[in-house]
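J.: Residue numbers (our numbering): 10 to 266. Note that beta-carbon positions come from the ideal geometry of N, C-alpha and C, so glycine has one too. In this text the structure is predicted, and so the values were computed from the model without any measurement. Quick one: the structure is below, questions incoming.
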Amino acid sequence: MILASPESLVITSKPYGAFEVQKLIKFFTLRGFYYVLGFIVVMVIGVFIFASREKKIYKSPYRSIARLDMIDAPTNNEAPPPPPPPEVVIQGTLAQAGNPVPVPDALVAPDQVFASVDEISTSSSQIGDAEALNIDDLPTDAGLNVQKEEEPSPDDFIVTDQDYNEVVSRVLGDLQKRVVYPEMARRAGVEGRVSVKVLIGKDGRPKQGRTIIEETASELLNPAAIKAIMAQVFPPATQNGQPVEVWVVIPIVFRLR
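Listed below in structure tokens is the structure:
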């Protein structure tokens with residue numbers, strides 16, 4: 010049985026759509042936020058309570074007892090000492106006391122006279138009637154005349170077999186390689202020349218403490234120049250074929266590359 014005609018049917022939408030969904034989303038979002046916030050607050054309070062609680066230190070009612078294990082002492086495997094050697098019995102004729110037997114005077118050696126300690130100290134090593142010699146009476150100088158050779162003065166002019174300045178110039182190239190540029194002078198950009206007068210010994214080595222700065226571009230360069238010169242060995246100066254000490258001026262050039 011048809012209750013109504015199709016024309017009388019009216020299609021209407023249900024009261025549910027995007028507006029309702031947005032309302033539900035907002036509701037559930039707020040509820041989730043409150044749940045999480047409450048959980049965080051509970052966790053913070055729990056951690057604070059747990060941290061503020063005093064820690065109890067439990068001590069064991071039992072005491073630790075050291076355990077000693079008895080071990081056997083090490084046995085001494087050393088060999089026993091050897092037995093003492095047997096006593097040696099010396100057999101011979103025993104001297105027996107008896108009546109003394111007289112001996113002729115010809116068989117008795119005459120008594121010898123020994124020198125005393127004082128006579129031995131003053132006796133001479135020569136055989137014969139030599140006079141006694143006392144060491145304390147000898148002169149202390151014994152006629153020796155030791156002369157110490159004096160060093161030449163820096164201003165003395167010493168004639169040598171060869172021009173010693175020319176001899177020294179032959180080793181200036183090797184000497185210049187020994188020079189170590191001072192770091193402070195390098196940073197400051199200091200360059201120049203240092204002339205050092207030094208006393209060369211008979212062995213060709215510069216003598217310690219015998220240096221004079223004749224000319225310098227900076228005080229920063231002096232120690233390096235002296236150090237390089239003292240490490241160099243020069244040909245010794247000769248006079249009549251014999252080595253002599255002589256003063257010489259050596260130039261050291263400092264130049265930045």
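Compute the Euclidean distance between the alpha carbons of residue 233 and residue 192, then round it to the nearest angstrom.
T.: Computed Cα separation, rounded: 10 angstroms.
J.: Does residue 260 come out as helix, strand or coil in the three-state DSSP assignment?
T.: It is a strand residue.
J.: Beta-carbon within less than 6 angstroms of residue 265's beta-carbon, same chain only, minus the 5 sequence neighbours each way: which residues are those?
T.: Same-chain partners within the cutoff: 200.
J.: Are residue 258 and residue 206 closer than 9 angstroms when you measure CB to CB?
T.: Taking 9 angstroms as the Cβ cut-off, residue 258 and residue 206 qualify as a contacting pair.
J.: Let me make sure I understand the geometry here. Which of 230, 61, 249 has the alpha-carbon closest to that of residue 195?
T.: Closest by alpha carbon: 230.
J.: Got a sec, what are the start and stop residues for the beta strand (DSSP E) residue 197 sits in?
T.: Where residue 197 is concerned, there is no enclosing beta strand (DSSP E), although the alpha helix (DSSP H) it sits in stretches over 192-197.
J.: Measure the CB-CB distance between residue 218 and residue 243 and report whether it falls below 9 angstroms.
T.: No, they are not a contact pair.
J.: With C-beta atoms as the reference, is residue 187 less than 9 angstroms away from residue 241?
T.: Closer than 9 angstroms, so yes.
J.: Three-state secondary structure (DSSP) at residue 160?
T.: Residue state, collapsed to three classes: coil.
J.: Rounded to the nearest angstrom, what separates residue 220 and residue 235 at their Cα positions?
T.: Between residue 220 and residue 235, the C-alpha separation is close to 8 angstroms.
J.: Rounded to a whole number of angstroms, what is the C-alpha to C-alpha distance between residue 162 and residue 256?
T.: Each residue's alpha carbon lies about 8 angstroms from the other.
J.: Secondary structure at residue 201, three-state DSSP: helix, strand or coil?
T.: The answer is strand: DSSP assigns residue 201 an E or B state.
J.: Relative to the C-alpha of residue 181, which candidate in 88, 260, 37 has its C-alpha closest?
T.: Nearest C-alpha to residue 181: 260.
J.: Who are the Cβ neighbours of residue 254 in its own chain at under 7 angstroms, not counting the five residues just before and after it?
T.: So the qualifying residues of the chain are 160, 161, 208, 209, 210, 211.
J.: Would you please verify whether the beta carbon of residue 199 is less than 9 angstroms from any beta carbon of chain D?
T.: No chain D appears in the structure shown, which is made up of a single protein chain.
J.: With a 10 Å radius around its C-beta and 16 neighbouring C-beta atoms as the bar for buried, classify residue 57 as buried or exposed.
T.: Classification of residue 57: exposed, given that the 10 Å Cβ count is below 16.
J.: Here's the rule: buried if 16 or more other CB atoms are within 10 angstroms of the residue's CB, otherwise exposed. What is residue 177?
T.: Answer is buried; the Cβ neighbour count reaches 16.
J.: Looking only at its own chain, which residues have a Cβ that is under 8 angstroms from the Cβ of residue 198, when we skip the five neighbours before and after it?
T.: Excluding positions up to five away in sequence, the list reads 265.
J.: Could you spell out where the alpha helix (DSSP H) holding residue 211 opens and where it closes?
T.: That residue, residue 211, is in no alpha helix (DSSP H); it is neither H nor E in DSSP.
J.: Inspect the beta-carbon positions of residue 268 and residue 226 and report whether they are closer than 9 angstroms.
T.: Look at the range of the chain in this structure, 10 to 266, and you will see that residue 268 is not part of it.
J.: Name the one or two DSSP bridge partners that residue 254 has.
T.: Paired residues: none, contrary to the question.
J.: For the alpha helix (DSSP H) that contains residue 234, what are its first and last residues?
T.: Note, residue 234: alpha helix (DSSP H), 231-239.
J.: Tell me where the alpha helix (DSSP H) around residue 185 begins and ends.
T.: Where residue 185 is concerned, the enclosing alpha helix (DSSP H) stretches over 181-187.
J.: Start and end of the alpha helix (DSSP H) containing residue 249?
T.: Per DSSP, residue 249 belongs to no alpha helix (DSSP H) and is neither H nor E.
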